[in-house]
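> Order-wise, the sequence lines are chains A and B.
Going from the first sequence to our numbering is simple: count from 1 and add 1436.
Going from the second sequence to our numbering is simple: count from 1 and add 1436.
Just so it is clear, CB atoms sit at the ideal spot from N, CA and C, and this is done for glycine as well.
The structure displayed is predicted, hence computed values, not measured ones.
Protein chains: 2
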Amino acid sequence: MKKIQLLDFVVSHQINKIAILCDEKVWKLYPDYFNFLQEVATVHFISIDAKEKNKDIESVVFGWNFLLEQKFDRNSLMISWGGGTICDIAGMIAATFMRGIWLVNVPTTLLSMIDAAHGGKNGINLKYQKNVIGTFYLPEKVIVDTEFLKKLPNKEILNGFAEMIKYALIGNKTLWNELKNITEINYKTINPNWIDDAIEFKMKIVEKDLHDNEIRQILNFGHTVGHAIERLFAEKKRNISHGYAVAMGICYESYISWKKGNLPMKCYKDILHFILRFYKPLNFTKSDISALANYCCDDKKNKNEIVRFIILEEIGKATITEYTQNS
Amino acid sequence: MKKIQLLDFVVSHQINKIAILCDEKVWKLYPDYFNFLQEVATVHFISIDAKEKNKDIESVVFGWNFLLEQKFDRNSLMISWGGGTICDIAGMIAATFMRGIWLVNVPTTLLSMIDAAHGGKNGINLKYQKNVIGTFYLPEKVIVDTEFLKKLPNKEILNGFAEMIKYALIGNKTLWNELKNITEINYKTINPNWIDDAIEFKMKIVEKDLHDNEIRQILNFGHTVGHAIERLFAEKKRNISHGYAVAMGICYESYISWKKGNLPMKCYKDILHFILRFYKPLNFTKSDISALANYCCDDKKNKNEIVRFIILEEIGKATITEYTQNS
Chain A
1437 MKKIQLLDFV VSHQINKIAI LCDEKVWKLY PDYFNFLQEV ATVHFISIDA
1487 KEKNKDIESV VFGWNFLLEQ KFDRNSLMIS WGGGTICDIA GMIAATFMRG
1537 IWLVNVPTTL LSMIDAAHGG KNGINLKYQK NVIGTFYLPE KVIVDTEFLK
1587 KLPNKEILNG FAEMIKYALI GNKTLWNELK NITEINYKTI NPNWIDDAIE
1637 FKMKIVEKDL HDNEIRQILN FGHTVGHAIE RLFAEKKRNI SHGYAVAMGI
1687 CYESYISWKK GNLPMKCYKD ILHFILRFYK PLNFTKSDIS ALANYCCDDK
1737 KNKNEIVRFI ILEEIGKATI TEYTQNS
Chain B
1437 MKKIQLLDFV VSHQINKIAI LCDEKVWKLY PDYFNFLQEV ATVHFISIDA
1487 KEKNKDIESV VFGWNFLLEQ KFDRNSLMIS WGGGTICDIA GMIAATFMRG
1537 IWLVNVPTTL LSMIDAAHGG KNGINLKYQK NVIGTFYLPE KVIVDTEFLK
1587 KLPNKEILNG FAEMIKYALI GNKTLWNELK NITEINYKTI NPNWIDDAIE
1637 FKMKIVEKDL HDNEIRQILN FGHTVGHAIE RLFAEKKRNI SHGYAVAMGI
1687 CYESYISWKK GNLPMKCYKD ILHFILRFYK PLNFTKSDIS ALANYCCDDK
1737 KNKNEIVRFI ILEEIGKATI TEYTQNS
């Protein structure tokens, strides 16, 4: 069914050439997945080791050169097939090659199914800073095929689940009440309706504010601290998944929401209790905390040295709040 | 007057940091030009040798790193100050740093005043192909200050004049009739009204089709062959200005307009006669001609191996025509 949508798109747009930028692990697991396209267009695979450190300009230049050599034109299609890293690199290539070619995202992780594949943000890292280079470039289609979740390592389910918690907290109290009852996180306990709910909520926000000037920033709940944690780990050459960092970020930003905002203490405790059931807490030294505070000040949301935090007013409702850097 | 517009913009948007990407030659000629900004914001100059060969990803990465080190944020401003090359590099940096910061163009050449600075196309070269990487990203303002033309070398006036001829031919018969009477090309003979007319015409087209899917392509009249000539020269390590190549391109594409379309022979001869009065004709070997034909097939306008040419129907009116590659 999902494949038919993609086939229809390729045929109806008379697309001649397709490049599938993919995670090499995914391609090995599903070598025949895109066979159906080969009957209607020339299909190339560009396989990448989908590590965070490869989300850089070198990977993008590699993609550009490939498309140039294969004589891709404005009616060619780039498909991203993998998780958020693949989505980000493919999006940047598609947005900038000939000032934009067709883009379709086929996310294979829970995280990319509910987040990275939608909304048109792409990004690569520069030096220590995540996603600091990128564009807004909406995909023509996003094909969400939950079959991919079956072979996804469980830590990847946990990785995406943190974003699911975020969506519930900032915009969907009913979803939060359903999530709260979960006792185990794996692909069987993920209700596909939750995925649809998360996507629907995100796209409503994106339609209002594609360029992330105001309301879209509430999708960054948990990410101001989350990105700072990822940067701290990167500088110490230690690994941490995006979802894990975001889960921790949600804890800290819920704390701020209680301490500086109006979030009732009971809600903060509920959130903390729920998250720490699945995600082990991190220990930070005093100098770590001071570094994290500095990194929060470098966030893309900030303007003129005013730090923007997303604050929970209550479960299911978030607002943007500004602080000067010393407060 | 022009400066006040820019100052107003910076103050009213509370812009904190400004990077001026400039042609090193222009900065030497007008070292104090931007002094008025230094009172209201932190101003940095990034000076570049504005050669075609520097219009590459290395220059863009250099700019990104500079902005990152200086802690630029989404409320910072990039100003391009120079000709088309500077416009293109600065536009690409501004469009992609933090997914877009403010951009103001201050063109200093006739070519960039009437063309490159307007309409939001930016681009860098990849290997042999001009402008194959880029985005659509509209500048917030374009400050056209014709004072800069006074110190511009005359070959640069000629360079821009070719685009002026193009605008007249595709959209403004009255302008063509005025241009035809010119006996000499230098900054004194360029009527500032012509500059305004050219910009107005371009912006009307851009408003209808920012993303260059249909009508905007008529602005490429003279450029299908013009870009092919530039590529031929680049591969032979010979220099040719963009305007010179476009002037020649206009001659060839006017010929095609007569031969394959409906342009009366008298119009074609008028165009040829006028252009060759100021631009010396180029001699091509048989193998050059064959290379040029191939390069025309790589143009960004083409889709599915169909070559798009812009054809003059009459003086002041152009249309898009498609040919299969063998015709």
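Give, in chain order, every residue of the stretch 1561 to 1576 of chain B whose Cβ lies closer than 8 Å to some Cβ of chain A.
Of all residues in the stretch 1561 to 1576 of chain B, the ones placed with a Cβ closer than 8 Å to any Cβ belonging to chain A are Leu1562, Lys1563, Gln1565, Val1568, Ile1569, Gly1570, Thr1571 and Phe1572, in chain order.
> Determine, for Asp1509/B, whether the minimum Cβ-Cβ distance to residues of chain A falls below 8 Å.
yes
> Is DSSP giving His1480/A helix, strand or coil here?
Looking at His1480/A - three-state DSSP - the assignment turns out to be strand.
> For Ala1531/A, which residues in chain B fall below 7 Å Cβ to Cβ?
Thr1571
> Where do the ends of the beta strand (DSSP E) carrying Cys1458/B lie?
Lys1453 to Asp1459
> Please work out which residues of its chain come closer than 8 Å, Cβ to Cβ, to Trp1538/B, disregarding the five sequence neighbours upstream and downstream, and give them in chain order.
His1449, Ile1451, Asn1511, Ser1512, Leu1513, Met1514, Ala1530 and Glu1576
> Do we get a CB-CB distance below 8 Å when we pair Arg1744/B with the residues of chain A?
no
> Between Glu1758/B, Gly1555/B, Leu1562/B and Gln1565/B, which lies nearest to Leu1574/B when the distance is taken from Cα to Cα?
Gly1555/B
> Please check the pair Ala1598/A and Ala1683/A, which I expect to be a contact at CB under 8 Å, by giving their CB distance rounded to whole angstroms.
4 Å
> Is it a yes or a no for the stretch 1731 to 1739 of chain A touching the stretch 1628 to 1641 of chain A, going by three-plus beta-carbon pairs under 8 Å?
no
> Does any C-beta atom of chain B lie closer than 8 Å to the C-beta of Met1534/A?
yes
> At 9 Å on the CB atoms, spell out the chain A contacts of Ile1493/B, in chain order.
Ile1493, Val1496, Val1497 and Trp1500
> Which runs of the beta strand (DSSP E) fall wholly inside the stretch 1475 to 1539 of chain A and span at least 3 residues, in chain order?
1478 to 1484 and 1513 to 1518
> By the criterion of Cβ-Cβ separation under 8 Å, what are the contact partners of Leu1504/A in chain B?
Within chain B, the residues placing a beta-carbon under 8 Å from that of Leu1504/A are Leu1562, Lys1563, Gln1565 and Val1568, ordered along the chain.
> Beta-carbon within less than 8 Å of Ala1477/B's beta-carbon, same chain only, minus the 5 sequence neighbours each way: which residues are those?
Val1446, Ile1451, Asn1452, Lys1453, Ile1454 and Leu1513
> For Tyr1680/A, does the three-state DSSP call read helix, strand or coil?
helix
> Compute the distance between the beta-carbons of Ile1560/A and Val1496/A, then report whether it is under 8 Å.
Yes. Within cutoff.
> Who are the Cβ neighbours of Met1701/B in its own chain at under 7 Å, not counting the five residues just before and after it?
Counting only Cβ-Cβ distances below 7 Å, and skipping sequence neighbours, we find Trp1694.
> Counting only Cβ pairs nearer than 8 Å, list the residues of chain A close to Asn1622/B.
Going along chain A, no residue has its Cβ under 8 Å from Asn1622/B, so there is no contact; the nearest lies around 35 Å.
> Given a limit of 9 Å on CB to CB distance, which residues of the stretch 1439 to 1452 of chain A reach chain B?
Gln1450, Ile1451 and Asn1452
> For Glu1592/A, tell me which candidate among Tyr1623/A, Leu1615/A and Asn1558/A has the shortest Cα-Cα distance.
Distances from the CA of Glu1592/A to each of Tyr1623/A, Leu1615/A and Asn1558/A were compared; the closest alpha carbon is that of Tyr1623/A.
> List the endpoints of the continuous alpha helix (DSSP H) containing Asn1730/B.
Lys1722 to Cys1732
> So which residues of chain B does Asn1541/A contact, with C-beta pairs closer than 7 Å?
Scanning chain B for C-beta atoms nearer than 7 Å to the C-beta of Asn1541/A yields nothing, as the closest lies near 17 Å away.
> Could you tell me the distance, in whole angstroms, from the CA atom of Leu1465/B to the CA atom of Lys1602/B?
30 Å
> Under DSSP, the beta strand (DSSP E) around Phe1657/B begins and ends at which residues?
Unbroken run through Phe1657/B: none, as it is neither H nor E.
> Establish whether the CB of Lys1644/B and some CB of chain A are separated by less than 8 Å.
By this cut-off, Lys1644/B is not an interface position.
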